[in-house]
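All residue numbers for the sequence shown refer to the numbering used here, where the first residue is 6 and numbers rise by one. For every residue, glycine included, the Cβ atom is placed at its ideal position computed from N, Cα and C.
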Amino acid sequence: ADAFRHAYWNALMTQRYGEEWAREFATAHERNPSSHHIPVGMDLHNNEVGRSIAQANPDASPQQLAKLVEQAVKDGKMVVIDKNDTLVPSNEVPPGETRETKKAPWPTDNPGRNDDHDPGKPSATPDQY
């Protein structure tokens, strides 16, 4: 569900505002220094897949985008977190068997994120729609 949600959100933003703006907005959304690097890596990857789907299908309706994103999940183009806290292709873990992050929160000591910094104000502007 999380992989689909992130990709679909990015696909819709890309169609409406353009790829550059959608990329900068979605990346800024993930830049919270208290976030753990594994779910952030998953989200960034799945966001990129969604933007790519929108760019390859610029005239797709929201329903068509949803079907394309769902197929990408089934085809393993997304990544999910398995029960061992490892990123794996989305077709390697049955639906409902990914790690439940709300019941077992990620550590907040930020392993691997000590060099994070504020990326500053986004430079992209939305394409006209």
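Discussion item. Less than 7 Å between the beta carbons of Val98 and Met47, yes or no?
Written reply: No, Cβ-Cβ distance for Val98 and Met47 is not below 7 Å.
Worksheet item: Which residue spans inside the region 46 to 106 form an unbroken alpha helix (DSSP H) run of at least 4?
Response: Those alpha helix (DSSP H) runs which fall completely within the region 46 to 106 and span 4+ residues are 67 to 79.
Item to complete: Answer yes if the region 76 to 91 comes into contact with the region 14 to 25, meaning at least three C-beta pairs across the two stretches below 8 Å, and no otherwise.
Response: The answer is no - the region 76 to 91 does not touch the region 14 to 25, with fewer than three Cβ pairs under 8 Å.
Worksheet item: Could you give the C-beta distance for Ala8 and Asn51, rounded to a whole number, given that I count them as a contact under 8 Å?
Response: Confirmed, Cβ separation roughly 5 Å.
Worksheet item: What residue from Gly81, Lys82, Asp80, Gly101 has the CA that sits closest to Lys88's CA?
Response: The shortest Cα separation from Lys88 among Gly81, Lys82, Asp80, Gly101 belongs to Gly101.
Worksheet item: DSSP three-state call for Glu35: helix, strand or coil?
Response: In the structure shown, Glu35 sits in coil (DSSP, three-state: anything other than H, G, I, E or B).
Discussion item. Need the endpoints of the alpha helix (DSSP H) that His11 sits in, please.
Written reply: Element bounds for His11: 7 to 22.
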